[in-house]
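Residue numbers (full-length UniProt numbering), protein chains in the order written: chain C, 1 to 257; chain H, 1 to 257. Note that the Cβ used here is the ideal one computed from N, Cα and C, for glycine as well.
Quick look at the structure:
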């Protein structure tokens with residue numbers, strides 16, 4: 001009988017978020033699960049790491065009904081992956097899954113997302129990694145329709161491996177199981193956030209801002225994650241951490257430098 | 001006579017760091033300068049944004065000897081760019097420069113770097129943007145040899161524009177002016193951090209960790225930023241924020257999903 005894969009589970013919504021609890025349950029059906037996740041919400045932390053502060057990591061007693069090992073970490077999602085692989089896990093995991101995020105990480109959101117940055121960090125260590133997100137920000141979001149999709153993509157990743165330097169960004173539309181039309185491999189849509197700052201004055205008379213924004217997608221392509229999600233498909237975008245714009249090198253070599 | 005370009009200056013080491021002071025001085029030679037930078041060090045913040053907290057932004061009176069307008073911001077480098085463009089500047093700037101960072105942002109460091117994330121954020125808004133870093137972590141680093149390089153690359157960027165969806169990651173070796181051999185357009189080296197956590201116990205008996213690490217470059221290419229820097233060249237890497245691994249889409253379409 002084959003050895004069960006070792007799976008690292010993390011997220012950015014914090015270790016008690018419903019999304020990660022669903023992900024843990026699905027991963028328990030596949031392999032031996034270690035959870036190392038933030039002790040508090042870390043949404044929008046991108047690829048931040050803690051370099052000027054101590055990081056705490058506590059083992060959580062989970063009871064005999066829960067097969068997974070759990071650790072909560074005071075750091076960012078990327079800190080969690082670094083700590084997990086270097087200090088908590090007995091060996092390099094066979095898979096790292098992050099999420100299930102409460103809310104979309106499609107298109108440009110990938111660069112702000114702690115969920116995806118955790119997956120990318122695992123990718124830099126040569127670990128097959130996937131970030132999962134459900135297009136529902138609510139704490140009460142229904143993660144049940146995501147279960148089958150998450151399991152299928154995780155199993156295929158374990159079976160096939162991932163191309164070198166690539167991790168997966170999976171977004172799941174807010175639909176019931178019968179409403180989801182399938183899974184599409186996509187490119188990241190060219191979209192951006194149009195910020196709208198909400199300016200207020202605090203009780204001491206000092207102005208401050210809340211960051212809000214409107215998502216603008218001007219990409220008309222039918223091969224993008226935004227298009228797939230709008231059509232009711234799960235989007236899978238292969239994401240790389242070689243950020244070199246190789247196509248631009250020639251043009252820059254024409255500059256007078 | 002042509003209108004002087006409007007230039008946004010930011011960084012991640014904080015508004016009082018010597019690196020940004022040098023950058024401001026150089027930009028004053030080129031255009032009309034607005035500085036919106038963090039009020040405290042924000043190294044390693046990656047593309048983090050502040051979504052669950054208020055952000056303060058204070059105008060700093062600089063005196064008549066300093067032509068630039070300055071604002072310190074309580075948020076991350078990416079927050080600074082968002083606030084600057086949407087609330088502080090009278091129009092979209094012609095250029096955004098970030099740095100000069102105290103320390104390297106070559107190869108994989110680009111994904112952790114607040115300096116580069118600020119430039120990337122400006123890029124998502126369609127603003128030509130450049131992150132500058134000097135390979136010297138010291139507060140007393142000598143930024144003088146960087147002046148000519150920074151000015152030259154900024155002027156070329158204003159003149160030529162940048163390809164769509166591309167920003168520049170410029171790293172400068174720690175050499176005097178006569179030691180710098182020139183400027184090379186490069187790709188990001190395939191390198192990674194091998195973490196070494198320093199485990200300690202606090203006075204209350206709780207274990208904690210300090211993140212440390214060793215930089216490992218296994219990329220033997222002579223077209224990488226690491227190679228160029230080792231040879232005494234300034235490296236210029238075109239960086240994109242479309243993270244899609246386009247080359248991997250075909251392979252994933254072969255999966256049984």
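{"Asked": "Judging by CA-CA distance, which residue of 241/C, 78/C, 94/C and 18/C is the nearest neighbour of residue 143/C?", "Found": "18/C"}
{"Asked": "Quick one: measure Cβ to Cβ for residue 133/H and residue 225/H, integer angstroms, because I've assumed they're closer than 8 Å.", "Found": "Actually they are not in contact, since the Cβ atoms of residue 133/H and residue 225/H sit about 10 Å apart, beyond 8 Å."}
{"Asked": "Under 8 Å by Cβ, that's how I've got residue 5/H and residue 168/H pegged, so tell me the actual separation to the nearest angstrom.", "Found": "In fact, because the Cβ distance is near 16 Å, the residues do not count as touching under 8 Å."}
{"Asked": "Does the Cβ of residue 1/C have 16 or more other Cβ atoms within 10 Å, making it buried, or fewer, making it exposed?", "Found": "Note that residue 1/C scores a pLDDT of 45, beneath 50, so its modelled location is shaky and nothing firm can be said."}
{"Asked": "Can you give me the start and stop residues for the alpha helix (DSSP H) that residue 152/H sits inside?", "Found": "146-160"}
{"Asked": "Does any C-beta atom of chain C lie closer than 8 Å to the C-beta of residue 255/H?", "Found": "yes"}
{"Asked": "For residue 80/C, does the three-state DSSP call read helix, strand or coil?", "Found": "helix"}
{"Asked": "Answer with yes or no whether the minimum CB distance from residue 55/H to chain B is below 8 Å.", "Found": "Looking at the structure shown, chain B is missing, and the protein chains on hand are C and H."}
{"Asked": "Check distances from the C-beta atoms of the segment 133-147 of chain H to those of chain C and list, in chain order, the residues that come in under 9 Å.", "Found": "none"}
{"Asked": "Once the 5 residues before and after residue 87/H are set aside, which same chain residues still bring their CB inside 8 Å of it?", "Found": "57"}
{"Asked": "Considering only residues of the same chain and omitting the five flanking positions on each side of residue 286/C, which have a CB-CB separation below 8 Å?", "Found": "Because chain C spans 1 through 257 in this model, residue 286/C falls outside it and cannot be assessed."}
{"Asked": "Rounding to the nearest angstrom, what Cα-Cα distance links residue 217/C and residue 124/H in this structure?", "Found": "12 Å"}
{"Asked": "Might you give, ordered along the chain, the residues of its own chain that have their beta carbon closer than 7 Å to the beta carbon of residue 186/H, omitting 5 neighbours on each side?", "Found": "223, 224, 225, 228, 235, 236 and 237"}
{"Asked": "So if I threshold CB-CB distances at 9 Å, which residues from the segment 111-133 of chain C count as touching chain H?", "Found": "111, 112, 113, 114, 116, 117, 120, 121, 124, 125 and 126"}
{"Asked": "Please list the partners that residue 251/H has in chain C, where partner means a Cβ-to-Cβ separation under 7 Å.", "Found": "163"}
{"Asked": "Do residue 38/C and residue 93/C have their C-beta atoms within less than 8 Å of each other?", "Found": "no"}
{"Asked": "Are the CB atoms of residue 67/H and residue 28/H nearer to each other than 8 Å?", "Found": "yes"}
{"Asked": "Buried or exposed: residue 148/C, going by 16 or more other Cβ atoms within 10 Å of its Cβ?", "Found": "exposed"}
{"Asked": "For chain H, find out if any of its Cβ atoms is closer than 8 Å to the Cβ of residue 274/C; answer yes or no.", "Found": "Any question about residue 274/C goes unanswered here, given that chain C covers just 1 to 257."}
{"Asked": "From residue 193/H to residue 130/H, what does the alpha carbon distance come to, in whole angstroms?", "Found": "24 Å"}
{"Asked": "Nearest CA to the CA of residue 53/C: which residue from 189/C, 257/C and 79/C?", "Found": "79/C"}
{"Asked": "Does DSSP classify residue 6/H as helix, strand or coil?", "Found": "strand"}
{"Asked": "Reducing DSSP to helix, strand and coil, say where residue 11/C ends up.", "Found": "coil"}
{"Asked": "Less than 8 Å between the CB atoms is what I'm expecting for residue 51/C and residue 135/H, so what's the real figure, rounded?", "Found": "The pair is not a contact, with the Cβ atoms about 17 Å apart (cut-off 8 Å)."}
{"Asked": "Along the segment 82-99 of chain C, where does the CB come closer than 9 Å to a CB of chain H? Name the residues.", "Found": "82, 83, 85, 86 and 87"}
{"Asked": "Let me know the secondary structure DSSP gives residue 1/H once reduced to three states.", "Found": "In this prediction, residue 1/H scores a pLDDT of 45, lower than 50, which makes its location untrustworthy; no coordinate-derived value is stated."}
{"Asked": "Tell me whether residue 87/C sits in a helix, a strand or coil according to DSSP, three-state version.", "Found": "helix"}
{"Asked": "Would you say residue 30/C reaches chain H, if we count a Cβ-Cβ gap shorter than 8 Å as a contact?", "Found": "no"}
{"Asked": "Quick one: which unbroken beta strand (DSSP E) runs of 3-plus residues sit fully inside the segment 90-154 of chain C? Chain order, please.", "Found": "95-102 and 129-134"}
{"Asked": "Out of 189/H, 83/H, 166/H and 173/H, which has the shortest C-alpha to C-alpha gap to residue 251/C?", "Found": "166/H"}
{"Asked": "By how many angstroms is the C-alpha of residue 206/H removed from the C-alpha of residue 162/C?", "Found": "39 Å"}
{"Asked": "For residue 44/C and residue 49/H, which I take to be in contact (beta-carbon distance under 8 Å), what is that distance rounded to the nearest angstrom?", "Found": "5 Å"}
{"Asked": "For a test of the three-state rule: what should DSSP assign to residue 45/C, helix, strand or coil?", "Found": "coil"}
{"Asked": "Quick one: Cα of residue 101/C to Cα of residue 63/C, how far?", "Found": "25 Å"}
{"Asked": "What is the DSSP secondary structure of residue 249/C, reduced to helix, strand or coil?", "Found": "helix"}
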